[in-house]
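Asks: Would you mind keeping the following structure in view while I ask a few things?
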Amino acid sequence: MNFSSNSGDSNWIDNNLSKRGNNFLCRVDEAFIADNFNLYGLTSLSNGAVFYRTLKRILNTDDETDASSSTQQFREDAEEREAERLYGLIHARFIMTSRGMEHMNAMRHQKKFGICPRVACGTHLLPFGLSDEPDIEPVKLYCDRCKDVFHPPSRKHQGLDGAFFGTGFPHMFFMMNPHESSSEKKKTFVGRLCGFRIHPSAIEIQLKSQTALDNHKKTAKITIKPPTKPQPSHDEPKAKIPATETPAVDEVT
Ligand SMILES: [Zn+2]
């Protein structure tokens with residue numbers, strides 16, 4: 001089947017890229033889409049006839065209907081979602097090629113994917129997926145310096161499938177473009193309290209002392225003894241009661 005594209009009339013891809021949240025997607029070359037070799041394995045995702053009809057829609061080579069009106073109608077149709085899905089899966093393959101990486105690298109330098117949200121980083125991010133299977137996880141963003149993954153800050157990307165980028169894209173990108181990898185060592189934030197650096201084991205020491213204090217409170221028995229009356233000792237001599245002195249009375253003669 002011939003999938004030679006009609007480049008002068010192919011606007012489905014442009015329409016798809018202009019949709020909300022699809023700005024992470026690059027423009028896949030139509031020659032890549034039209035090459036059967038690049039579609040190997042994707043035909044099993046849907047009925048064969050539906051697959052090729054969807055492919056014709058993407059490439060705008062369906063001569064049976066008017067391109068502009070059919071594109072408008074296609075948006076409301078379930079086949080439009082099928083076309084978006086197929087384009088995304090082809091996109092995941094395209095960006096693994098050198099041509100696709102060029103597109104994505106240009107978008108990366110234009111900060112189309114944003115920068116790392118860590119204050120001490122700010123590296124340009126790359127999109128990727130946590131699964132190669134569609135309809136599993138929305139797209140995520142990868143920071144090469146932090147070696148960490150982030151949610152896209154905008155909600156509009158929650159509807160963009162991570163499988164449209166694949167799990168291996170950032171790693172293949174930096175393997176093929178090592179000069180684009182951040183050679184600078186990861187910067188770590190240094191916390192200070194009253195101008196002094198906090199020792200790494202400070203929290204651990206606090207936890208240990210807190211645990212010890214809690215255990216002491218649980219086991220300690222506080223007993224209040226009533227005051228006892230002191231008993232005189234038998235060995236001790238009894239205190240002499242001083243005799244009352246009788247007042248001297250002068251005899252009256
Ligand atoms: Zn980072």
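According to full-length UniProt numbering, the sequence shown is numbered sequentially starting from 1. Built from N, CA and C at the ideal position, the CB exists for glycine as well.
Closer than 7 Å: is that where the CB of threonine 123 sits relative to any heavy atom of ligand 1?
Replies: It does: the Cβ of threonine 123 is within 7 Å (strictly closer) of some heavy atom of ligand 1.
Asks: Would you check if the distance between the CB atom of phenylalanine 113 and the CB atom of glycine 166 is smaller than 8 Å?
Replies: Result no, Cβ atoms of phenylalanine 113 and glycine 166 do not sit closer than 8 Å.
Asks: In whole angstroms, what is the alpha-carbon distance linking glutamine 210 and threonine 188?
Replies: Straight-line Cα distance between these residues: approximately 28 Å.
Asks: At the level of alpha carbons, what is the spacing between leucine 17 and glycine 162?
Replies: Looking at the two C-alpha atoms, the distance is approximately 16 Å.
Asks: Go ahead and pull the three-state DSSP assignment for tyrosine 87.
Replies: Correct three-state label for tyrosine 87: helix.
Asks: What are the start and end residues of the alpha helix (DSSP H) that includes phenylalanine 173?
Replies: Residues 169 to 176.
Asks: Ignoring anything shorter than 3 residues or poking outside the stretch 95 to 171, list the beta strand (DSSP E) runs there in chain order.
Replies: List check, beta strand (DSSP E) in window: 126 to 128, 140 to 143 and 148 to 150.
Asks: If isoleucine 90 and asparagine 38 are in contact, beta carbons under 8 Å, what's the gap, nearest whole angstrom?
Replies: Going by Cβ atoms, the distance from isoleucine 90 to asparagine 38 rounds to 7 Å, so yes, they are a contact pair.
Asks: I need the DSSP call for asparagine 11, collapsed to helix, strand or coil.
Replies: Of the three classes helix, strand and coil, the one that applies to asparagine 11 here is coil, per DSSP.
Asks: What separation, rounded to the nearest whole angstrom, lies between the Cα atoms of isoleucine 13 and histidine 109?
Replies: Rounded to the nearest angstrom, the two C-alpha atoms are 22 Å apart.
Asks: Between which residues of its own chain and arginine 99 is the CB-CB distance below 8 Å, once the five residues before and five after are set aside?
Replies: Same-chain partners within the cutoff: Asp29 and Phe32.
Asks: Could you give the residue range of the alpha helix (DSSP H) that holds tyrosine 52?
Replies: Run containing tyrosine 52: 48 to 59, per the alpha helix (DSSP H) assignment.
Asks: Candidates Lys218, His103, Tyr40 and Thr219: which alpha carbon is nearest leucine 126's?
Replies: Selected option, being the one with the closest Cα: His103.
Asks: Using 7 Å as the cut-off, classify the Cβ of arginine 108 as near or not near the heavy atoms of ligand 1, replying yes or no.
Replies: The answer is no for arginine 108.
Asks: Ligand 1 and cysteine 116: does any heavy atom of the ligand fall closer than 7 Å to the residue's C-beta?
Replies: Yes, since a heavy atom of ligand 1 falls inside the 7 Å radius drawn around the Cβ of cysteine 116.
Asks: Compare the Cα-Cα distances from lysine 19 to each of Val190, Ile205 and Leu160 and report the closest residue.
Replies: Nearest C-alpha to lysine 19: Leu160.
Asks: Is cysteine 143 close to ligand 1? I mean its beta-carbon at under 7 Å from any heavy atom of the ligand.
Replies: For ligand 1, at least one heavy atom lies less than 7 Å from the Cβ of cysteine 143.
Asks: For glutamate 30, report the span of its alpha helix (DSSP H) as first-last.
Replies: That run of the alpha helix (DSSP H) goes 30 to 34.
Asks: Decide if cysteine 194 is buried, meaning its Cβ has at least 16 other Cβ atoms within 10 Å, or exposed.
Replies: Classification of cysteine 194: exposed, given that the 10 Å Cβ count is below 16.
Asks: Taking 8 Å as the cut-off, decide whether the C-beta atoms of glycine 88 and phenylalanine 164 are in contact.
Replies: Yes, the Cβ-Cβ distance between glycine 88 and phenylalanine 164 is below 8 Å.
Asks: Is cysteine 146 near ligand 1, in the sense that its beta carbon is under 7 Å from a heavy atom of that ligand?
Replies: Yes, since a heavy atom of ligand 1 falls inside the 7 Å radius drawn around the Cβ of cysteine 146.
Asks: Express the C-alpha separation of alanine 106 and leucine 141 in angstroms, rounding to a whole number.
Replies: Using only the alpha carbons, I get a separation of about 16 Å.
Asks: Nearest-angstrom Cα distance between glutamine 206 and glycine 191?
Replies: Distance between the alpha carbons of glutamine 206 and glycine 191 is about 16 Å.
Asks: When you compare each of Arg53, Met96, Leu213 and Pro117 to histidine 171 by their alpha carbons, which one comes out closest?
Replies: Checking every option, the nearest Cα to that of histidine 171 belongs to Met96.
Asks: Considering alanine 220, what are the terminal residues of the alpha helix (DSSP H) in which it resides?
Replies: Alanine 220 -> no alpha helix (DSSP H), and no H or E assigned at all.
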